[in-house]
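Residue numbers (my numbering): 22 to 237. Note that the Cβ used here is the ideal one computed from N, Cα and C, for glycine as well. None of these values were measured; they are calculated from a predicted model.
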Amino acid sequence: MFVTLEGPEGSGKTSQGDALGTVLSAYVPILLTREPGGTELGERVRDILLGFGGPALDPVTQLLLLSAARAQHVREVLRPAIAEGRSVLCVRYADSSRAYQGGGDGVAEAVIEAAIAIATDGLEPDLTIYLDLDPVVGLRRRAMAGTEGAQEGWNRFDARELAFHQRVREAYKRLARACPGRVVTVDADRPFEAVRADILEIVLSRIAVIVRGGAS
Ligand code: TMP
C-alpha cells in the first residue's frame, strides 16, 4: 500500500508519519520517506528550494526541480520498495505540487499535470491523508517549533505571505473534494493524539478493504 500525508505548514505531517510508521511497522515492512527528499538528489533539491541562501526561483523552475527529484524518488526508492512488497508512507508527493505550485503560485493545471505524469510515471497513492489546518495556526506552530529546535527550521516556503498559504489550503480542499476515494481529510487543529487516532483508523480500515478485496 502506498500512503501519502499532505497538508499545509505546521499540520504535523512529519510527526504523524513517524507515529503511524511506528505502529504499522509492527505488522508490515514499512518505508517512511518524504518529498522533496528521499534520495541524495531529493535532499539537495530540498536544500536549494527551502534554504534562504538559495537562488530566486520562478514557480515553473520550482515545479521542474521538484519533479526531477520526484522522478528520481519514484524510480530509485518508491517503485523498488513497492515491488519488494513493502508499504510506503510518504510525507508530501504530487499533491503538494498541485497545492503549492498550482494553487499557491498559479502555475497552469495542464503544466502541473504534465510534470506530475512524467515524474510519477503513473505511480499514484492508494490513500492520501490530508491534514487540514488554518495556515495562521500552522505557521504559528512552525514558528514555535523553529525556536524550540523540534523540527527543521523556518524555511523559504514558511516565509511566503499568508495569502499564498491560504491559496494552498483552498487547493488542497478542492483536491479532497475532487478525489473523495483517495484523499481523506483529517482536522489537524486538535491535540496530536486525537489526530493520530483518526489517521490510524483510516489507514487500518483501508487495509481491511484491500485485504477483503484480495481474499474475494
Ligand atoms: P516540509 O517538508 O517541511 O513540509 O517542507 C517542504 C516544502 O516544500 C513545503 O513548504 C512545501 C514545498 N513543496 C512544494 O512546494 N511542492 C512540492 O511538490 C513538494 C513536494 C513540496
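Distance, residue j Cα to residue i Cα
| i | j | result |
| --- | --- | --- |
| threonine 206 | alanine 136 | 25 Å |
| leucine 99 | alanine 40 | 20 Å |
| valine 66 | leucine 86 | 7 Å |
| glutamate 64 | valine 95 | 14 Å |
| leucine 71 | arginine 177 | 5 Å |
| glycine 33 | serine 226 | 21 Å |
| serine 36 | glycine 143 | 28 Å |
| valine 224 | valine 216 | 12 Å |
| proline 156 | leucine 183 | 7 Å |
| proline 76 | isoleucine 69 | 7 Å |
| threonine 43 | phenylalanine 185 | 33 Å |
| isoleucine 231 | phenylalanine 213 | 27 Å |
| aspartate 79 | arginine 181 | 14 Å |
| arginine 161 | tryptophan 175 | 11 Å |
| aspartate 153 | arginine 233 | 29 Å |
| glutamine 83 | glutamine 187 | 19 Å |
| threonine 60 | threonine 54 | 9 Å |
| phenylalanine 23 | glycine 74 | 34 Å |
| methionine 165 | serine 46 | 30 Å |
| leucine 128 | alanine 229 | For clarity, residue 128 is valine in the given sequence; the question names leucine instead. Whole-angstrom Cα-Cα distance: 38 Å. |
| arginine 113 | arginine 203 | 14 Å |
| alanine 92 | glycine 106 | 20 Å |
| tyrosine 151 | leucine 62 | 26 Å |
| glutamate 130 | glutamate 97 | 27 Å |
| glycine 125 | alanine 115 | 14 Å |
| glutamate 222 | glutamate 173 | 28 Å |
Rounded distance between the beta-carbons of residue j and residue i, thought under 8 Å
| i | j | result |
| --- | --- | --- |
| valine 158 | aspartate 210 | 6 Å |
| threonine 25 | proline 146 | 4 Å |
| serine 108 | glutamate 56 | About 17 Å; that fails the 8 Å criterion. |
| glycine 58 | leucine 110 | Actually they do not touch by this definition, with Cβ atoms about 13 Å apart. |
| threonine 149 | glutamate 27 | 6 Å |
| valine 189 | valine 132 | About 17 Å; that fails the 8 Å criterion. |
| aspartate 179 | arginine 163 | 5 Å |
One or two residues paired with residue i in a DSSP bridge
| i | result |
| --- | --- |
| threonine 54 | Cys111 |
| phenylalanine 23 | Val109 |
| leucine 152 | Val207 |
### Query
Can we say the region 127-142 touches the region 191-198, given the rule of at least three CB pairs closer than 8 Å?
In the pairwise beta carbon analysis, the region 127-142 is classified as not touching the region 191-198: fewer than three pairs are separated by under 8 Å.
### Task
Say whether the region 32-52 touches the region 98-116, bearing in mind that this needs 3 or more beta-carbon pairs closer than 8 Å, one atom from each stretch.
Verdict: yes, contact present.
### Message
Closer than 8 Å is the cut-off here; do at least three beta carbon pairs connect the region 70-89 with the region 113-122?
### Response
As far as the Cβ criterion goes, the region 70-89 touches the region 113-122, which means the pair count is three or higher.
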